[in-house]
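Visitor: Here it is, the structure in full.
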Amino acid sequence: MNRLIALDMLRGYALVSIMVNHMPISVMRGVTLPNFSIFDASELFVLLSGFLVGLVWRSVEARDGRRTAQRRFAHRAFEVWRAMLIGALLMALLSAALLALDRPHTAIWNQYAAWVLENPLGYLGTVATFWVQPNIIDVLALYVILMVAALAVVPLMVRWPWLVAVGSVLLWWHAPALNAMIPNHRTQGGFLFNPFGWQMLFFTGVAMGLFRQRIMAALWPWRHLLTVLALGMFAFGSAIVIGARIGEPALAFREALKLVYGSIDKWSLDGTRYLAIVAAAWLVAAPLARPMAWLAATRPGVALQQIGKGGLFAFVACVLLSVLGDAFQMTPAEQPMGRRLLVDLWACLALWWVSALWLDKGAPRLRARKERRALRPR
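In the working numbering, each residue's number is its place in the sequence shown (first place is 1) plus 448.
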């Protein structure tokens, strides 16, 4: 149970981080993950999503069989796709309303507002077919693809885990070329979050959920060495970030680091970011397990848990609040830090409030509806 509440807290933190990181002049943006680690909330969100898929799949398949697990996650893929459509529509309409009220914002591309007013059905159609993937919402487009892929990959992983691992690495290796073949509105083609690259992180999380007892049993005798290596990897990633923030005075240091990691490509998930988030996952699961459980039980931790449990509803809310908060911070121009911080705090409290409200009012009704649907004769 402690592990699960810590996961909910981390999912909640990922959503808060996504929200403030898309508010360009946010004060809280200066203390989120990208300021001290080479990975950010995107990797955290995808890895945790994969872990929960593996965890739930194992439980459902053991209880009700593989077909039931596949049906459940096929429906989940549809729910994510539907949330992507709803979120993209609401985000574009909110952007249009803010622009009409002379509230400029840079969290998202303003062209979405023009498109949704000129041709709302056309806009929704392009989002539904992934031809357009509005920023912030685009991670849901990736999630849909990965969830659909899981229907075939997870059964193979259960039977031949190492074969799936090799195939995943090969896909990741050729990810840039494969992604460029997917036609869409981007000049270079393909998804912004390259699914051929990010699948490796997602299915790493799935494997952690499916085989967590076996993995921990195999790794536990080596826990001290693994912790040292994980700390070293996290520190290496932090050094890259800090060197970049220092700028010209750290040029020699940065060039020396580049001899090791080469280049960083978030959108195809480069190896450095992958290793850094996996190292962080070990630190959270092993040496920091008790502190994380304690933190999850504190009042801020419980609030983050509620955001994390809010699921797709909380994600859409975080997107809308990011756009709204950005508009409040942009107008009037050159606001003092204190005022921008108040907007940050308001956005965080609003995200927590709507998530808690959803858990209290909306989620129970949704679960009851799903249970009634499951009891209907087929």
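We put the beta carbon where it would ideally sit given N, CA and C, even for glycine.
(1) Would you report the Cα separation of alanine 745 and cysteine 796, rounded to the nearest angstrom?
(2) Go ahead and pull the three-state DSSP assignment for histidine 622.
(3) Whole angstroms are fine: how far does the CA of leucine 743 sit from the CA of valine 587?
(4) Mind checking lysine 706: buried by the 16 CB within 10 Å criterion, or exposed?
(5) With respect to the alpha helix (DSSP H) encompassing arginine 787, which residues constitute its N-terminal and C-terminal limits?
(6) Looking at the structure shown, is aspartate 774 part of a helix, part of a strand, or coil, going by DSSP?
(7) Output needed for arginine 506: all residues of its chain with C-beta closer than 6 Å, excluding positions within five of it in sequence on either side, in chain order.
(8) Would alanine 623 and phenylalanine 639 qualify as a contact pair, given that the criterion is a beta-carbon distance under 7 Å?
(9) Put leucine 533 into one of helix, strand or coil per three-state DSSP.
(10) Looking at serine 616: is its Cβ nearer than 7 Å to the Cβ of methionine 648?
(11) What first and last residue would you give for the alpha helix (DSSP H) that runs through phenylalanine 701?
(12) So what does DSSP say about tryptophan 608, is it helix, strand or coil?
(13) Are glycine 498 and valine 612 close, meaning C-beta to C-beta below 7 Å?
(14) In three-state terms, what does DSSP make of glutamate 782?
(15) Quick check on asparagine 627: does DSSP put it in helix, strand or coil?
(16) To which residues of the same chain is leucine 723 closer than 7 Å at the C-beta, ignoring the five residues directly before and after it?
(17) Considering Cα atoms alone, identify which of Arg514, Gly637, Glu527 and Leu772 is closest to alanine 600.
(18) From the DSSP output, in three-state form, read off alanine 555 for me.
(19) Please return the same chain residues whose Cβ sits closer than 6 Å to the Cβ of asparagine 762, not counting the five positions on each side in sequence.
(20) For a test of the three-state rule: what should DSSP assign to leucine 717, helix, strand or coil?
(21) Give me the Cα-Cα distance between valine 771 and valine 732, rounded to the nearest whole angstrom.
(22) Just list the alpha helix (DSSP H) runs in the segment 540–587, keeping only unbroken ones of 4 residues or longer that don't cross its boundaries, in chain order.
(23) Enumerate in chain order the residues of its own chain whose CB-to-CB distance from glycine 810 is below 7 Å, with the five nearest sequence positions on each side excluded.
(24) With DSSP run on the structure shown, which of helix, strand or coil describes threonine 746?
(25) Write down the C-beta distance between proline 669 and threonine 554 rounded to the nearest angstrom, noting that I regard them as a contact closer than 8 Å.
(26) Contact check, arginine 479 vs leucine 789 under 8 Å by CB: the rounded distance?
(27) Take the Cβ of histidine 470 as the centre, count every other Cβ of all protein chains shown within 10 Å, and call the residue buried at 16 or more, exposed below.
(28) Short of 8 Å in beta carbon distance, which residues of its chain neighbour leucine 827, apart from the five on each side in sequence? Order them along the chain.
(29) Exposed or buried, which one is leucine 799 when buried takes at least 16 other CB atoms within 10 Å?
(30) Excluding the 5 residues flanking tryptophan 529 on each side, which residues of the same chain have their C-beta closer than 6 Å to its C-beta?
(31) I'd like the span of the alpha helix (DSSP H) that includes tryptophan 646, first residue to last.
(32) Could you check if threonine 720 is buried or exposed, using at least 16 other CB atoms within 10 Å of its CB as the buried criterion?
(33) Going by other Cβ atoms of all chains shown within 10 Å of its Cβ, with 16 needed for buried, is valine 501 buried or exposed?
(34) So what does DSSP say about proline 812, is it helix, strand or coil?
Guide: Judging by the given coordinates:
(1) Stepping through the sequence shown from its first residue, residue 745 is reached at position 297. Stepping through the sequence shown from its first residue, residue 796 is reached at position 348. Those two C-alpha atoms are separated by around 19 Å.
(2) On the sequence shown, position 174 is the one that residue 622 refers to. In the structure shown, histidine 622 adopts coil according to DSSP, grouped into three states.
(3) Taking the first residue of the sequence shown as position 1, residue 587 is located at position 139. Taking the first residue of the sequence shown as position 1, residue 743 is located at position 295. Roughly 27 Å between the two C-alpha positions.
(4) For the purposes of this step, residue 706 is taken as the residue at position 258 of the sequence shown. Exposed, because fewer than 16 other Cβ atoms sit within 10 Å of the Cβ of lysine 706.
(5) Here residue 787 refers to the residue found at position 339 of the sequence shown. Its alpha helix (DSSP H) spans residues 785–805.
(6) Reading the sequence shown from its first residue, position 326 is the one you call residue 774. If DSSP states are grouped into helix, strand and coil, aspartate 774 belongs with the helices.
(7) Position 58 of the sequence shown, counting from 1, holds the residue named residue 506. Taken in chain order, the residues that qualify are Leu658.
(8) The residue given as residue 623 occupies position 175 in the sequence shown. The residue given as residue 639 occupies position 191 in the sequence shown. Cβ distance not < 7 Å, so alanine 623 and phenylalanine 639 don't count as in contact.
(9) The sequence position of residue 533 within the sequence shown is 85, counting from 1. It is helical.
(10) Against the sequence shown, residue 616 aligns to sequence position 168. Against the sequence shown, residue 648 aligns to sequence position 200. Cβ distance < 7 Å, so serine 616 and methionine 648 count as in contact.
(11) As a first step, residue 701 is located in the sequence shown; it is residue number 253 there, counting from the start. Segment 699–709, the alpha helix (DSSP H) holding phenylalanine 701.
(12) On the sequence shown, position 160 is the one that residue 608 refers to. In the structure shown, tryptophan 608 sits in coil (DSSP, three-state: anything other than H, G, I, E or B).
(13) Against the sequence shown, residue 498 aligns to sequence position 50. Against the sequence shown, residue 612 aligns to sequence position 164. No, the pair does not count as a contact, with Cβ atoms beyond the cut-off.
(14) Residue numbering aside, residue 782 sits at position 334 when the sequence shown is read from its first letter. Three-state result, glutamate 782: coil.
(15) The residue labelled residue 627 in the question sits at position 179 within the sequence shown. It is helical.
(16) Working through the sequence shown from its first residue, we reach residue 723 at position 275. The answer, listed in chain order, is Met681.
(17) Numbered from 1 along the sequence shown, position 152 holds the residue referred to as residue 600. It is Arg514.
(18) Against the sequence shown, residue 555 aligns to sequence position 107. The answer is coil: DSSP assigns alanine 555 none of H, G, I, E or B.
(19) Here residue 762 refers to the residue found at position 314 of the sequence shown. In the sequence on display, residue 762 carries alanine and not asparagine. Counting only Cβ-Cβ distances below 6 Å, and skipping sequence neighbours, we find Leu463, Ile755 and Ser803.
(20) Counted from its first residue, the sequence shown places residue 717 at position 269. DSSP places leucine 717 in coil when its eight states are reduced to three.
(21) If you number the sequence shown from 1, residue 771 lands on position 323. If you number the sequence shown from 1, residue 732 lands on position 284. Here the alpha carbons of valine 732 and valine 771 stand approximately 31 Å from one another.
(22) 559–566 and 568–576
(23) As a position in the sequence shown, residue 810 is number 362, starting the count at 1. Answer for glycine 810: Phe761, listed in chain order.
(24) Reading the sequence shown from its first residue, position 298 is the one you call residue 746. DSSP places threonine 746 in coil when its eight states are reduced to three.
(25) Locating residue 669 in the sequence shown gives position 221, where the first residue counts as 1. Locating residue 554 in the sequence shown gives position 106, where the first residue counts as 1. Contact flag wrong, Cβ pair sits at about 51 Å.
(26) Along the sequence shown, read from residue 1 onward, the residue named residue 479 stands at position 31. Along the sequence shown, read from residue 1 onward, the residue named residue 789 stands at position 341. According to the sequence as given, residue 479 is valine; it is not arginine. Wrong, their Cβ atoms sit about 11 Å apart, outside the cutoff.
(27) What you label residue 470 is simply residue 22 of the sequence shown in a count that begins at 1. Answer is buried; the Cβ neighbour count reaches 16.
(28) Absent from the model: residue 827. The displayed extent of the chain is 449 to 826, so no value can be given.
(29) For the purposes of this step, residue 799 is identified with residue 351 of the sequence shown, where counting begins at 1. By the 10 Å Cβ count, leucine 799 comes out buried.
(30) Position 81 of the sequence shown holds residue 529. Around tryptophan 529: Val592.
(31) Within the sequence shown, numbered from 1, the residue matching residue 646 stands at position 198. First-last of the alpha helix (DSSP H) with tryptophan 646: 643–658.
(32) The residue labelled residue 720 in the question sits at position 272 within the sequence shown. Under this definition threonine 720 is a buried residue.
(33) On the sequence shown, residue 501 is found 53 positions in, with the first residue counted as 1. Answer is buried; the Cβ neighbour count reaches 16.
(34) By 1-based counting over the sequence shown, the position of residue 812 is 364. Proline 812: helix per DSSP, three-state reduction.
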